[in-house]
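Per my numbering, residue 56 is the first one in the sequence shown, and the count goes up by one each step. Even for Gly, the Cβ is constructed at its ideal location relative to N, Cα and C. Bear in mind the structure is a predicted one, so any value in this text is a computation, not a measurement.
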Amino acid sequence: MPSIEALPLSIVDIDTWHFLAKIANELMRWQDTNMLAKIENGGASNKSFILPELAYMSSFSSVFPAFPRILHCTLPATDSVEELIPLHVRLAQLLLAAEYLDGSDMSCFFFCEKTGKFTRSERVDGEHGEHSAVSSNQHNEETENSFSPLTREELLEREIRKHEQLLVVKPLYVVIDTNAFIDQLEAIQKIQQCERFRLLIPTTVMEELMELQHGEITNTRAEAATAGARQAMVWLREQTRQKCPRMFTLTMRGRRVPIAVVREESADDREMVSSHILCVDQSSV
Numbered sequence: 056m057p058s059i060e061a062l063p064l065s066i067v068d069i070d071t072w073h074f075l076a077k078i079a080n081e082l083m084r085w086q087d088t089n090m091l092a093k094i095e096n097g098g099a100s101n102k103s104f105i106l107p108e109l110a111y112m113s114s115f116s117s118v119f120p121a122f123p124r125i126l127h128c129t130l131p132a133t134d135s136v137e138e139l140i141p142l143h144v145r146l147a148q149l150l151l152a153a154e155y156l157d158g159s160d161m162s163c164f165f166f167c168e169k170t171g172k173f174t175r176s177e178r179v180d181g182e183h184g185e186h187s188a189v190s191s192n193q194h195n196e197e198t199e200n201s202f203s204p205l206t207r208e209e210l211l212e213r214e215i216r217k218h219e220q221l222l223v224v225k226p227l228y229v230v231i232d233t234n235a236f237i238d239q240l241e242a243i244q245k246i247q248q249c250e251r252f253r254l255l256i257p258t259t260v261m262e263e264l265m266e267l268q269h270g271e272i273t274n275t276r277a278e279a280a281t282a283g284a285r286q287a288m289v290w291l292r293e294q295t296r297q298k299c300p301r302m303f304t305l306t307m308r309g310r311r312v313p314i315a316v317v318r319e320e321s322a323d324d325r326e327m328v329s330s331h332i333l334c335v336d337q338s339s340v
């Protein structure tokens, strides 16, 4: 039954047959001490049940019987068991499933007559096979000693112990567009001040900001864009004068050059602003 095995993961590795045997042994102990309901085929049982999931499966696919199986159970003589009847029946069914697997002559799961317990074989055929008894004991210790989920740091340490390669992405360049300069100038300034990244400013973005700062204010939205473009240009000119080593201009051909000098020909004559106002110091390339 390969479908019962868990998917192989590098972080989580579950021995399905080992856990099934452990659960079945505990359920068998409960049933022997009359703490768990027992499903019987005869008429000696005192209760009959139809689980809703069985009715659902019977209507879902033709693989399951058309009429759900009626379960005849003998319940333990304990107080306030009415609320726990569905749980008793489901756990008893799980024990029946383990007994069925034992009778199917599987090579990976069986009932040991010597120990009187369900167990998994030391070797399992298939992709998840060839587990030794040592690995089973390790699973026992890990299951008993660690009941809380592992933290992220613990999972990373486990990965390192397995000598597996971890791909860590560390971006170096951040390309800023026009909308970011207008709406998120403070965030851009924080990125520049943290000194972890290098800012790339395309020439088209610079030209758009220069045009927007001289735009006509026709509505509230245009006024906000014009004000944002003006603030961005003031900050860019300041960074240009300081020759910030972490800011670069990205040309149309994809070349990365030091940040260019941005200046206006005249503050009054806005029509005289040249489209080539972005000057690049070629000697510093």
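Going by DSSP, phenylalanine 74 is part of the alpha helix (DSSP H) stretching over 71-87.
If you look at methionine 302, you'll find it in the beta strand (DSSP E) that goes 302-305.
With fewer than 16 other CB atoms across the displayed protein chains lying within 10 angstroms of its CB, arginine 84 is exposed.
Taking the CA atoms as reference points, leucine 130 sits about 21 Å from proline 123. The continuous alpha helix (DSSP H) containing isoleucine 246 extends over residues 240-249. Aspartate 232 is classed as exposed because its beta carbon has fewer than 16 other beta carbons within 10 Å across all chains shown. Per DSSP, threonine 258 is not a residue of any beta strand (DSSP E); the alpha helix (DSSP H) it occupies stretches across 258-268. Burial state of glutamine 247 is buried, judged by a 10 Å Cβ sphere holding 16 or more other Cβ atoms. By the neighbour-count criterion, in which a residue is buried when 16 or more other Cβ atoms sit within 10 angstroms of its Cβ, cysteine 163 is buried. Glutamate 154: member of the alpha helix (DSSP H) spanning 140-158, first to last residue. When the alpha-carbon of leucine 240 is set against those of Arg213, Val224, Ala282 and Glu266, the nearest one is in Ala282.
In terms of Cα proximity to threonine 306, the closest of Ala242, Ile314 and Arg251 is Ile314. By the neighbour-count criterion, in which a residue is buried when 16 or more other Cβ atoms sit within 10 angstroms of its Cβ, threonine 174 is buried. One alpha carbon belongs to cysteine 128, the other to glutamate 154, and they sit about 17 Å apart. Rounded to the nearest whole angstrom, the CA to CA distance from phenylalanine 104 to phenylalanine 165 is 29 Å. With 16 or more other CB atoms across the displayed protein chains lying within 10 angstroms of its CB, threonine 304 is buried. Counting the other Cβ atoms within 10 Å of the Cβ of valine 260 gives 16 or more, which makes it buried. Each of Leu91, Gln297, Thr295 and Leu109 was checked against the Cα of leucine 142, and the nearest Cα belongs to Leu91. In this structure, the beta-carbon distance from alanine 147 to isoleucine 94 falls below 8 Å. Under DSSP, the beta-bridge partners assigned to lysine 93 are Thr129. Taken atom to atom, the span from the alpha-carbon of alanine 284 to that of proline 257 is near 15 Å. Restricting attention to Arg311, Cys249, Arg276 and Gln244, the CA atom closest to the CA of methionine 288 is found in Gln244.
A straight-line Cα-Cα distance of about 23 Å links methionine 265 and tyrosine 228. When rounded, the separation of the alpha-carbon atoms in leucine 205 and alanine 76 is 24 Å. In the DSSP assignment, lysine 172 falls within the unbroken beta strand (DSSP E) covering 172-175.
For proline 107, the secondary structure class from DSSP, reduced to helix, strand or coil, is helix.
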